[in-house]
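Colleague: Once you've had a glance at the structure underneath, I'll fire off some questions.
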Amino acid sequence: MSQGQGFGFGLGKMKELKEAFQKAQQVQEGAKRLQEELEQMRIEGESSGGLVKVVLSGNQEPIDVTISADALKESPELVADLVLAAMQDAYSKSTATMREQMEELTGGLNLPGMGM
């Protein structure tokens with residue numbers, strides 16, 4: 000090791016490292032809050048104008064399914080398709096919500112290696 004180089008970290012690098020750790024801590028704290036918020040969210044998906052409704056938490060956990068009496072008059076295969084379509088709608092909305100929340104959480108932080 001050359002004299003005066005230490006471990007290769009100058010004061011500027013130490014400052015950058017400290018800032019990176021602070022940003023990471025901010026994201027970690029924000030992620031914890033986001034997780035709590037997502038648990039409380041209720042995201043509804045539906046199919047065929049509301050014949051079937053599915054509710055997921057923001058964490059995509061199933062909460063509720065409502066099948067209208069009109070839907071129950073249909074064949075079991077059609078009801079299954081309606082339930083699946085409502086689940087896909089809720090899932091799509093849920094993933095979009097999660098993506099938006101994560102972008103808000105990490106946006107502007109310029110974390111190394113995050114590509115944002």
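Reminder that position 93 of the sequence shown reads as 92 in numbering that gives the first Met the number 0, one-by-one numbering, no gaps.
Cβ coordinates follow ideal geometry from the N, Cα and C atoms, glycine included.
Please read all numbers here as calculations on a predicted model, not as lab measurements.
#1: Does DSSP put GLY48 in a helix, a strand or coil?
#2: Helix, strand or coil for SER91? Go by DSSP, reduced to three states.
#3: Any idea what DSSP makes of GLU43, helix, strand or coil?
#4: Here's the rule I'm using: 16 or more other beta-carbon atoms within 10 Å means buried, otherwise exposed. How should GLN87 be labelled?
#5: Please name the residue, chosen from GLU60, GLY48, GLY49 and GLN27, that lies closest to MET40 on a Cα-to-Cα basis.
#6: Does the region 51-59 come close enough to the region 11-18 to have 3 or more Cβ pairs within less than 8 Å?
#7: For LYS14, is the beta carbon positioned less than 6 Å from some heavy atom of the ligand GDP?
#8: Could you tell me the distance, in whole angstroms, from the CA atom of VAL82 to the CA atom of SER47?
#9: When you compare each of GLU43, LEU33, ALA79 and LYS14 to MET101 by their alpha carbons, which one comes out closest?
#10: ILE66 bridges to which residues according to DSSP?
#11: From GLY44 to VAL53, what does the alpha carbon distance come to, in whole angstroms?
Modeller: According to the structure data:
#1: Position 49 of the sequence shown, counted from the first residue, corresponds to residue 48. Reduced to three states, the DSSP call for GLY48 is helix.
#2: As a position in the sequence shown, residue 91 is number 92, starting the count at 1. Reduced to three states, the DSSP call for SER91 is helix.
#3: Here residue 43 refers to the residue found at position 44 of the sequence shown. Here GLU43 sits in strand by DSSP.
#4: If you number the sequence shown from 1, residue 87 lands on position 88. GLN87 is exposed by the Cβ-count criterion.
#5: Here residue 40 corresponds to residue number 41 of the sequence shown, with the count starting at 1. For the residues GLU60, GLY48, GLY49 and GLN27, the minimum Cα distance to MET40 belongs to GLU60.
#6: No contact exists between the region 51-59 and the region 11-18.
#7: Judged by which ligands are present, the structure shown has none, so any question about the ligand GDP falls away.
#8: For this step, residue 82 is matched to residue 83 along the sequence shown. For this step, residue 47 is matched to residue 48 along the sequence shown. Their backbone Cα atoms lie some 10 Å apart in a straight line.
#9: Here residue 101 corresponds to residue number 102 of the sequence shown, with the count starting at 1. Selected option, being the one with the closest Cα: LEU33.
#10: As a working mapping, residue 66 is identified with position 67 in the sequence shown. Under DSSP, ILE66 takes part in a beta bridge, and its partners are VAL51.
#11: Here the question's residue 44 lines up with position 45 in the sequence shown. Here the question's residue 53 lines up with position 54 in the sequence shown. In a straight line, the C-alpha of GLY44 is about 5 Å away from that of VAL53.
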